[in-house]
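Some notes on the structure that comes next.
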Amino acid sequence: MLVFSQFCSKMVVLLVMILCFTVITSDAYISFMNLPSVGLTHDKDGYTSGLFSPLRAGQMIVVTGRVNNDAKRFTVSLMRGASYMRAPGAEAVLHIDVRFDENQVVMNTMEKTLKWGEEERAPNPFKRGRSFYLLIRIDTDKFGIMADHEKVHDFKMRLDLKTIEYLTVTGDVTEVNGRWSAGWANTLPMRHFFEGGHWKIGSRFTVYGKVKNGVFEIQLIAWYGDILFSLKTRFYYKDIVINARLEGYWGKEERVKVYPFKPRTQFALEFLNTLDSIQVFNDGKQICTFKHRTDNPTYDYNLLFIYGDLVLDSVQFDI
1 MLVFSQFCSK MVVLLVMILC FTVITSDAYI SFMNLPSVGL THDKDGYTSG LFSPLRAGQM
61 IVVTGRVNND AKRFTVSLMR GASYMRAPGA EAVLHIDVRF DENQVVMNTM EKTLKWGEEE
121 RAPNPFKRGR SFYLLIRIDT DKFGIMADHE KVHDFKMRLD LKTIEYLTVT GDVTEVNGRW
181 SAGWANTLPM RHFFEGGHWK IGSRFTVYGK VKNGVFEIQL IAWYGDILFS LKTRFYYKDI
241 VINARLEGYW GKEERVKVYP FKPRTQFALE FLNTLDSIQV FNDGKQICTF KHRTDNPTYD
301 YNLLFIYGDL VLDSVQFDI
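Quick note, the sequence shown lines up with residues 1 to 319 if you use full-length UniProt numbering.
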């Protein structure tokens with residue numbers, strides 16, 4: 001009788017989740033799918049696209065493609081005045097120059113008459129002959145630059161963000177695609193059913209936002225109602241608690257040793273599903289590993305649920 005009662009309870013949970021899925025298959029749900037694609041025009045000089053509206057803090061730009069086998073350099077630029085560097089009136093609000101001949105990434109700004117500012121440099125994380133993933137996260141006073149999910153550099157903003165008109169990619173790369181967040185209003189709580197019905201082994205998602213002064217939580221929930229993963233950030237205690245609730249009971253808490261967040265500062269919290277655990281990274285640095293508490297991690301992570309005291313900028317899903 002008890003087993004039958006538990007089965008009925010789980011079926012009720014499943015029905016509710018299906019109804020929720022129907023309700024959230026709306027603009028709010030679609031907003032949290034992969035970022036909208038940018039129609040980059042390809043010509044002899046490179047790839048470029050105009051922006052439809054001014055950029056703002058909290059948005060992201062993602063550029064992907066493939067590096068040539070014999071690549072020397074490629075650049076990604078946020079331009080104003082003109083889309084290409086040597087055109088009359090062109091200025092680069094942000095210029096990222098990936099140099100394989102120097103094994104460096106050089107970041108700078110350029111004003112009219114090719115007047116360059118002071119260079120800022122970081123090691124080059126990209127590889128010849130491989131795909132690349134470059135993310136530019138826009139803050140109020142800086143650009144956060146990440147490559148293949150690892151932090152490259154924070155570049156302090158020197159020119160007005162709102163004046164950017166073009167995204168331009170040049171150099172020794174092919175198959176270039178651009179995406180940016182559309183600037184929608186992200187409301188909490190947020191619910192997202194993973195594409196295909198479950199969070200696949202080897203896939204990841206990244207939560208971008210700002211910490212406030214209270215508590216926020218990120219959960220991964222099974223179709224039958226168990227919370228298989230819960231990451232709770234408590235600002236006033238300066239701690240992160242990770243746990244799971246199976247069949248109505250919370251298990252043993254695990255705590256992150258170092259609290260990485262600061263109030264009103266942007267973060268990029270990344271989650272990777274591996275065969276034996278969920279790995280969590282903040283701004284490209286691993287902060288914890290949580291061993292699965294389900295016997296079927298390939299299929300049991302069905303719903304992502306985020307709520308609490310944070311400003312949610314966006315969620316990026318990488319399959």
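From the three backbone atoms N, C-alpha and C, an ideal C-beta is built for every residue, glycine too.
Legend entry - Residue from Arg-255, Lys-285, Leu-220 whose Cα sits closest to the Cα of Thr-294: With distances taken between Cα atoms, Thr-294 lies closest to Leu-220.
Inset, instruction - Taking the CB atoms as reference points, tell me whether Thr-109 and Val-98 lie closer together than 8 angstroms. - result: Cβ distance not < 8 angstroms, so Thr-109 and Val-98 don't count as in contact.
Legend entry - Nearest neighbour of residue 340, chosen from Tyr-299, Met-107, Glu-270 [CA to CA]: There is simply no residue 340 to check, as the chain begins at 1 and stops at 319 in what is shown.
Inset, instruction - Report yes if the CB atom of Leu-51 is closer than 8 angstroms to the CB atom of Ile-164, and no otherwise. - result: In this structure, Ile-164 lies closer than 8 angstroms to Leu-51 by Cβ.
Legend entry - Where Gly-50 falls: helix, strand or coil (DSSP): Of the three classes helix, strand and coil, the one that applies to Gly-50 here is strand, per DSSP.
Inset, instruction - Please state whether DSSP places Lys-162 in a helix, a strand or coil. - result: Three-state DSSP puts Lys-162 in a helix.
Inset, instruction - Label Asn-273 either buried or exposed according to how many other C-beta atoms from any shown protein chain fall within 10 Å of its C-beta, with 16 as the threshold for buried. - result: With a 10 Å radius around the Cβ and a threshold of 16 neighbouring Cβ atoms, Asn-273 comes out buried.
Inset, instruction - Determine the closest residue to Arg-264 out of Pro-189, Asp-309, Ser-314, Asn-103, with distance taken between C-alpha atoms. - result: If you compare the alpha carbons of Pro-189, Asp-309, Ser-314, Asn-103 with that of Arg-264, the shortest gap goes to Asp-309.
Inset, instruction - Could I get the ranges of all uninterrupted beta strand (DSSP E) runs contained in the region 92-141, with 3 residues as the minimum, in chain order? - result: Residue ranges of uninterrupted beta strand (DSSP E) with 3 or more members, entirely inside the region 92-141 and ordered along the chain, are 104-111, 120-123, 131-138.
Legend entry - Own chain residues within Cβ distance below 8 angstroms of Thr-41, not counting five before or after: If the five residues before and after Thr-41 are omitted, its C-beta is found closer than 8 angstroms to the C-beta atoms of Tyr-47, Thr-48, Ser-49, all from its own chain and listed in chain order.
Inset, instruction - Output the boundary residues of the beta strand (DSSP E) element that contains Gln-286. - result: Segment 285-291, the beta strand (DSSP E) holding Gln-286.
Inset, instruction - Could you pull out every residue in the same chain whose Cβ sits closer than 6 angstroms to the Cβ of Asn-68, ignoring the five residues on either side in sequence? - result: Correct list, in chain order: Asp-172.
Legend entry - Three or more C-beta pairs below 8 angstroms linking the region 125-135 and the region 147-163: Verdict: yes, contact present.
Inset, instruction - Determine, using beta carbons only, whether Glu-119 and Val-105 come nearer to each other than 8 angstroms. - result: Not a contact, by the Cβ cut-off of 8 angstroms.
Legend entry - Nearest neighbour of Phe-205, chosen from Ile-306, Trp-116, Asp-276 [CA to CA]: Of the candidates Ile-306, Trp-116, Asp-276, the one whose C-alpha sits nearest the C-alpha of Phe-205 is Ile-306.
Legend entry - Backbone secondary structure at Glu-195 - three-state DSSP: Glu-195: helix per DSSP, three-state reduction.
Inset, instruction - Could you name the residues that DSSP lists as bridge partners for Ile-306? - result: In DSSP, Ile-306 forms a bridge with Met-190, Ile-218.
Legend entry - For Gly-178, the nearest candidate out of Gly-144, Lys-252, Val-62 (CA to CA): Checking every option, the nearest Cα to that of Gly-178 belongs to Val-62.
Legend entry - DSSP-derived helix/strand/coil call for His-42: In this structure, DSSP gives His-42 an extended state, which the three-state scheme calls strand.
Inset, instruction - Run the CB neighbour count on Glu-91, radius 10 Å, all protein chains shown included, and call it buried at 16 or more, exposed below. - result: Glu-91 counts as buried, since no fewer than 16 other beta carbons sit within 10 angstroms of its beta carbon.
Legend entry - Residues near His-198 in its chain [Cβ-Cβ closer than 8 angstroms; skip 5 each side]: Answer for His-198: Thr-298, Tyr-299, Asp-300, Tyr-301, Asn-302, listed in chain order.
Legend entry - Integer Cβ distance of Asp-276 from Lys-262, believed to fall under 8 angstroms: Taking the Cβ atoms as the reference, Asp-276 lies roughly 32 angstroms from Lys-262, outside the contact range of under 8 angstroms.
Inset, instruction - Take Gly-39 and list the residues in its own chain whose beta-carbon comes closer than 7 angstroms to its own, dropping the five residues that flank it on each side. - result: These residues qualify, in order along the chain: Ser-49.
Legend entry - Nearest residue (CA-CA) to Lys-156, options Lys-252, Thr-170, Thr-168, Thr-140: When each option's Cα is compared against that of Lys-156, the closest is Thr-140.
Inset, instruction - Output the distance between the C-alpha atoms of Gly-65 and Tyr-236, rounded to the nearest integer angstrom. - result: Roughly 42 angstroms separates the two Cα atoms.
Inset, instruction - Confirm, please, whether the CB-CB distance from Gly-117 to Arg-86 is below 8 angstroms. - result: In this structure, Gly-117 does not lie closer than 8 angstroms to Arg-86 by Cβ.
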